[in-house]
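From first to last, the protein sequence lines stand for chains A and B.
So in our numbering, spot 5 of the first sequence is number -8, and the numbers just go up one at a time.
Each number in our numbering corresponds to the 1-based position in the second sequence with 316 added.
Ideal placement from N, C-alpha and C gives every residue a C-beta, glycine not left out.
Here the structure is a predicted model, which is why all the values come from computation and not from measurement.
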Amino acid sequence: MSPSASAHRVNIFAYVEGNQVVVECSFSKTRPVRAGQITVYAGASDQILLTGTTDDAGVFRFPVPDQAKTTGLRLALQAGEGHANQWTMDPGEFASAPSPTPQAPPQAAEQPSPPDPTPAPAPPAGITAREVEAIISTLLDAKLDAKLAPLRRALLEDQGPRLQDILGGIGWIMGIIGVAAYFRRRV
Amino acid sequence: MHIAEGVLSPMILGAGAVLAGCGTALGLRRLSEEQLVTTALLASAFFVASLIHVPIGPTSAHLILTGIVGLLLGWGAFPAILMGLALQAMLFGYGGLTVLGVNTWNMAFPAAILGLGLRPWITRGGRMQTLAAFACGAGSVLGAGLLTAASLAWTEEGFWQAAQLLLLAHVPVALAEGAITALVVAFLAKVRPETLPSPRR
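Next comes the structure, spelled out in structure tokens:
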């Protein structure tokens, strides 16, 4: 239980890792949200697919739901005291996730837990070019997901307000008061 | 204390907007021309204050400075705080434009009421002045916490849970705010007594 007197807003960020969706939640300046309520919706609709709470590191993991590939996902976070935020994931983000449907290469579906599955055993002689392509693209996607996740997180990381914003805001206030003074004078 | 977008129901958002609008209109009517510069300074201070984190015990908290705003401006606290909150929402992403009314009301109303109510003691000077300034600073924070909890009462979080968390978290902030308000008032009384509200207003 951490009272968040200093929190201004809460950040939510999610990405696909293997066949799991990883949701990371933090207050500004990388303080994790503990026991934040997460609701997963199917795309823009109000249909709730599942709910969960974040752990001590502000992370919540769940397997990719079947609907995700067609509708995408909308993740809503309730962190208490009026702090809330949302994150949407396009259907395209799940294209790489190994699906339970039969057309996916069996090698990837059998190894759900490690983030980058070790290369499958040498393909039997009768394998077609199409199957090789499918396997390679699955492996590449998994590797790229793992490599890109920190990058995407860094892009999203909350730097807090910049000096330009602060000075700009003060400038706005002075300007508004200046206009107010002008109109008062004229009356 | 900034409630985010998408938490409150449209009814509460509407009520907050109407109340904040009334307060702002009243504040604008009461503001005299000489007070405009004070308003600008206080709005700027409020705008920046939430960025300054003060370490208190295990956590850190930021000041909101609404107590001083209410003490010096009375109903004028509404336009000043509205301006600060609007810019915080647009430039920093704190709160949001749809919740602007609710957030303004929650922060400005306790400050304005306490500031106006405690004025007689502020102008008297001496120990009562310090005490009244402290009460105004601390009370504005706690009042804002209570109103924020009340706005959250109709969400799934419920009033009691939100109120407990918000009040607990803000007790140290309230003490710090009270001390700073008392210091500022003592300083103004010595250096610029004319900025303090006069008894007749």
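- For M76 of chain A, none of the residues of chain B pass the 7 Å Cβ criterion, the least Cβ distance being about 18 Å.
- Between the alpha carbons of T382 of chain B and W476 of chain B lies a gap of roughly 24 Å.
- P19 of chain A does not reach chain B, its nearest Cβ partner there being about 14 Å away, counting only Cβ pairs nearer than 9 Å.
- Residue pairing for Q65 of chain A: DSSP places it in a beta bridge opposite A:Q24, A:A71.
- The straight-line gap separating the alpha-carbon atoms of A402 of chain B and G337 of chain B is approximately 13 Å.
- For F14 of chain A, the enclosing beta strand (DSSP E) starts and ends at 7 to 14.
- Comparing C-alpha distances from R48 of chain A to each of A:R18, A:A71, A:G67, A:Q24 shows the shortest one belongs to A:Q24.
- Across the structure, R443 of chain B and A505 of chain B are spaced so that their CA atoms are roughly 12 Å apart.
- Leaving aside the five residues that flank P52 of chain A on each side, the residues in its chain whose CB is nearer than 6 Å to its CB run, in chain order, L36.
- Within the stretch 336 to 356 of chain B, those residues whose Cβ lies closer than 8 Å to any Cβ of chain A are, in chain order, E349, L352, V353, T355, A356.
- Scanning the stretch 388 to 447 of chain B for uninterrupted beta strand (DSSP E) segments of 3 residues or longer gives nothing; none is fully contained.
- When secondary structure is reduced to three states using DSSP, E4 of chain A falls in the strand class.
- The beta-carbon of L458 of chain B is placed no less than 8 Å from the nearest beta-carbon of chain A.
- Less than 8 Å divides the Cβ of A428 of chain B from the Cβ of G339 of chain B.
- Annotation: the continuous alpha helix (DSSP H) that includes I157 of chain A extends over 150 to 173.
- Boundaries of the alpha helix (DSSP H) around G332 of chain B: 326 to 346.
- Among the CB atoms of chain A, none fall inside 8 Å of the CB of I368 of chain B.
- Annotated as proximal: P426 of chain B and L463 of chain B, with beta-carbon spacing under 8 Å.
- Here L335 of chain B is not near S467 of chain B, since their CB atoms are 8 Å or more apart.
- With 16 or more other CB atoms across the displayed protein chains lying within 10 angstroms of its CB, V(-3) of chain A is buried.
- One finds L407, F408 in chain B with Cβ atoms closer than 8 Å to the Cβ of D152 of chain A, taken in chain order.
- Rounded to whole angstroms, the Cβ separation of F81 of chain A and A55 of chain A is 5 Å, and the two are in contact under 8 Å.
- Pairing G343 of chain B with L483 of chain B, the inter-Cα distance amounts to about 28 Å.
- In this chain, L381 of chain B is not harboured by any alpha helix (DSSP H), its DSSP state being neither H nor E.
- The contact set of N72 of chain A on chain B, defined by CB atoms closer than 7 Å, consists of A320 in chain order.
- Rounded to the nearest angstrom, the Cβ distance from V385 of chain B to L407 of chain B is 19 Å, too far for a contact under 8 Å.
- T446 of chain B sits close to A498 of chain B, with the two beta carbons spaced by under 8 Å.
- Less than 8 Å divides the Cβ of A460 of chain B from the Cβ of M423 of chain B.
- When C-beta distances to chain A are compared with 7 Å, the residues of the stretch 390 to 419 of chain B below that value are M399, L403, L407, F408, G409, Y410, in chain order.
- Counting only the Cα atoms, D43 of chain A lies some 24 Å from L60 of chain A.
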